[in-house]
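K.L.:
Structure below; questions to follow.
Numbering (the working numbering), first residue to last: 666 to 946.
Structure representation (structure tokens):
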């Protein structure tokens with residue numbers, strides 16, 4: 666009597682079907698790998714997003730602004746790569762920034778956190794603050810008084826960020842106001858800086874920017890931990906090495922006042938600051 670093989674279990678897939686499933690899985694994993702690699706290359710060498718976390722660059726940048734940063738503007742270093750992977754020795758294709766540029770960089774001394782400030786001094790420059798005015802290479806940068814800058818109090822810029830003397834109500838809405846000035850560099854480039862009176866950073870010794878470094882300052886002069894202060898984790902940054910520069914601010918692609926709720930899609934629209942979107946630097 667011939668032996669009849671037992672039929673395969675009902676849930677066992679044919680070998681050809683199993684090979685097809687494995688091939689599809691392998692192709693999917695390869696696609697995801699190439700996608701991650703492509704995104705990493707794009708963000709490392711072309712463009713990268715950056716969100717403003719603090720008020721140190723008021724009035725040009727508000728908390729909740731989303732920027733596009735060009736990564737090629739100042740060359741590349743390990744800080745151009747995800748997690749500052751040590752794959753690029755030193756700095757390649759390096760270029761000096763221009764005074765007045767708004768740049769993203771890894772903040773000294775630990776070079777872990779991303780900061781954004783304005784370039785004020787280049788290698789070889791001397792810089793001093795006297796009664797709140799910048800003296801660059803022995804000459805005062807002109808300051809022209811402007812109308813006060815006013816910012817509405819919102820969920821991402823609340824009462825905790827605006828002391829009582831600077832609050833005001835306009836048509837039933839709370840605002841915070843600052844004295845504003847136009848500061849002009851020797852090149853003629855100008856921008857607006859804010860001042861709230863005497864503060865620790867208003868008077869400093871003379872700083873001599875060493876080779877391979879830049880001097881960075883926030884436009885909100887009385888609320889910016891920048892190169893005026895010695896490098897301390899979470900505080901001042903001192904001189905910033907050129908290799909710490911990650912890129913130059915180019916375009917604002919979104920801005921929100923912080924009132925949006927993920928589960929309420931209509932608030933995504935009402936929270937957007939539409940008049941800021943699309944602005945260039």
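Glycine included, every Cβ here is placed at the ideal spot set by N, Cα and C.
1) Where does residue 937 sit, in a helix, a strand or coil, going by DSSP?
2) Report all residues from its chain with a CB closer than 8 Å to the CB of residue 942; omit the five preceding and five following residues, and keep chain order.
3) May I have the straight-line CA-CA distance separating residue 813 from residue 902, to the nearest angstrom?
4) Which residue wins for smallest C-alpha separation from residue 766, given the options 752, 887, 776 and 725?
5) Is the stretch 866-882 touching the stretch 779-791 in the sense that three or more CB pairs, one from each, lie closer than 8 Å?
6) Could you check the C-alpha separation between residue 730 and residue 772 for me, to the nearest Å?
7) Should the stretch 812-832 be regarded as contacting the stretch 711-725, the criterion being three or more beta carbon pairs within less than 8 Å?
8) Mind listing, in chain order, the continuous beta strand (DSSP E) runs of no fewer than 3 residues lying wholly within the stretch 680-739?
9) Measure the CB-CB distance between residue 822 and residue 728 and report whether it falls below 7 Å.
10) In this structure, how does DSSP classify residue 907 when only helix, strand and coil are distinguished?
11) If I'm right that residue 891 touches residue 882 with Cβ under 8 Å, what's the distance once you round it to whole angstroms?
12) Output needed for residue 786: all residues of its chain with C-beta closer than 6 Å, excluding positions within five of it in sequence on either side, in chain order.
13) Taking the beta carbon of residue 797 as the centre, do at least 16 other beta carbons fall within 10 Å, making it buried, or is it exposed?
14) DSSP three-state call for residue 880: helix, strand or coil?
15) If you draw a straight line from the alpha carbon of residue 866 to that of residue 925, how long is it in whole angstroms?
16) How many angstroms separate the CA atom of residue 853 from the CA atom of residue 710?
17) In chain order, what residues of the same chain lie with their CB nearer than 8 Å to the CB of residue 932, ignoring the 5 residues before and after it?
18) Can you give me the Cβ contacts of residue 886 inside the same chain, cut-off strictly under 7 Å, excluding the 5 residues immediately before and after it?
19) Which residue spans inside the stretch 789-831 form an unbroken beta strand (DSSP E) run of at least 3?
20) Taking the C-alpha atoms as reference points, what is the distance between residue 930 and residue 716?
21) Could you tell me which of 702, 712 and 845 sits nearest to residue 741, measuring between CA atoms?
22) Exposed or buried, residue 802, counting other C-beta atoms within 10 Å across all chains shown (16 or more means buried)?
23) Ignore the nearest five residues each way along the sequence and tell me which others in residue 849's own chain have a CB closer than 7 Å to its CB.
24) Taking C-beta to C-beta, are residue 753 and residue 760 nearer than 7 Å?
25) To the nearest angstrom, how far is it from the Cα of residue 703 to the Cα of residue 894?
26) Suppose you measure from the CA of residue 687 to the CA of residue 755; what does that come to, to the nearest Å?
27) Can you name, in chain order, every residue of its own chain whose Cβ lies under 8 Å from the Cβ of residue 747, other than the five neighbours on each side?
28) State the Cα-Cα distance for the pair residue 897 and residue 936, rounded to the nearest angstrom.
29) Out of curiosity, what's the CA-to-CA distance linking residue 780 and residue 837?
P.N.:
Taking the coordinates as given:
1) In the chain shown, counting from the first residue as 1, residue 937 sits at position 272. Reduced to three states, the DSSP call for residue 937 is strand.
2) By one-based count along the chain shown, residue 942 stands at place 277. Here the set comprises 917, 918, 919 and 920.
3) Walking along the chain shown from the start, residue 813 turns up at place 148. Walking along the chain shown from the start, residue 902 turns up at place 237. Roughly 29 Å separates the two Cα atoms.
4) Numbered from 1 along the chain shown, position 101 holds the residue referred to as residue 766. Among 752, 887, 776 and 725, the Cα nearest to that of residue 766 is on 725.
5) Contact holds: three or more Cβ-Cβ distances are below 8 Å.
6) As a first step, residue 730 must be located in the chain shown, where it is residue number 65. As a first step, residue 772 must be located in the chain shown, where it is residue number 107. Approximately 20 Å, taken between the alpha carbons.
7) Result yes; three or more Cβ-Cβ pairs closer than 8 Å.
8) 712-716 and 730-735
9) Taking the chain shown and counting its residues from 1, one reaches residue 822 at position 157. Taking the chain shown and counting its residues from 1, one reaches residue 728 at position 63. For residue 822 and residue 728, yes; Cβs fall inside 7 Å.
10) Counting from one through the chain shown, the residue named residue 907 turns up at place 242. DSSP places residue 907 in helix when its eight states are reduced to three.
11) If you number the chain shown from 1, residue 891 lands on position 226. If you number the chain shown from 1, residue 882 lands on position 217. About 5 Å; that satisfies the 8 Å criterion.
12) Translated into the one-based positions of the chain shown, residue 786 becomes position 121. Same-chain partners within the cutoff: 792, 874 and 880.
13) In the chain shown, counting from the first residue as 1, residue 797 sits at position 132. When all chains shown are included, residue 797 counts as buried.
14) Your numbering for residue 880 matches position 215 in the chain shown. It is a strand residue.
15) Residue 866 sits at position 201 when you count from the first residue of the chain shown. Residue 925 sits at position 260 when you count from the first residue of the chain shown. If you take the alpha carbons of residue 866 and residue 925, they lie about 35 Å apart.
16) The residue given as residue 853 occupies position 188 in the chain shown. The residue given as residue 710 occupies position 45 in the chain shown. About 31 Å.
17) Mapped onto the chain shown, residue 932 falls at position 267. For residue 932, where only same-chain residues beyond five positions count, the Cβ hits under 8 Å are 924, 925 and 926.
18) Taking the first residue of the chain shown as position 1, residue 886 is located at position 221. If we look at residue 886 and ignore the five residues flanking it on each side, its Cβ neighbours are 797, 858, 859, 860 and 866.
19) 791-795, 798-801, 808-810 and 814-817
20) Translated into positions along the chain shown, residue 930 becomes position 265. Translated into positions along the chain shown, residue 716 becomes position 51. Taking the straight line joining both Cα atoms gives about 20 Å.
21) Within the chain shown, numbered from 1, the residue matching residue 741 stands at position 76. Among 702, 712 and 845, the Cα nearest to that of residue 741 belongs to 712.
22) For the purposes of this step, residue 802 is identified with residue 137 of the chain shown, where counting begins at 1. When all chains shown are included, residue 802 counts as exposed.
23) For the purposes of this step, residue 849 is identified with residue 184 of the chain shown, where counting begins at 1. Taken in chain order, the residues that qualify are 806, 807 and 855.
24) Indexing the chain shown from 1 puts residue 753 at position 88. Indexing the chain shown from 1 puts residue 760 at position 95. It is not a contact, given that the beta carbons lie outside the stated cut-off.
25) For the purposes of this step, residue 703 is taken as residue 38 along the chain shown, with counting starting at 1. For the purposes of this step, residue 894 is taken as residue 229 along the chain shown, with counting starting at 1. Taking the straight line joining both Cα atoms gives about 39 Å.
26) Counting from 1 along the chain shown, the entry for residue 687 is found at position 22. Counting from 1 along the chain shown, the entry for residue 755 is found at position 90. Looking at the two C-alpha atoms, the distance is approximately 43 Å.
27) By one-based count along the chain shown, residue 747 stands at place 82. The beta carbon of residue 747 lies closer than 8 Å to those of 705, 708 and 709 in the same chain, with the five residues before and after it left out.
28) Start at 1 with the first residue of the chain shown, and residue 897 comes out as number 232. Start at 1 with the first residue of the chain shown, and residue 936 comes out as number 271. The straight-line gap from Cα to Cα measures roughly 35 Å.
29) Along the chain shown, read from residue 1 onward, the residue named residue 780 stands at position 115. Along the chain shown, read from residue 1 onward, the residue named residue 837 stands at position 172. The alpha-carbon atoms of residue 780 and residue 837 are separated by roughly 35 Å.
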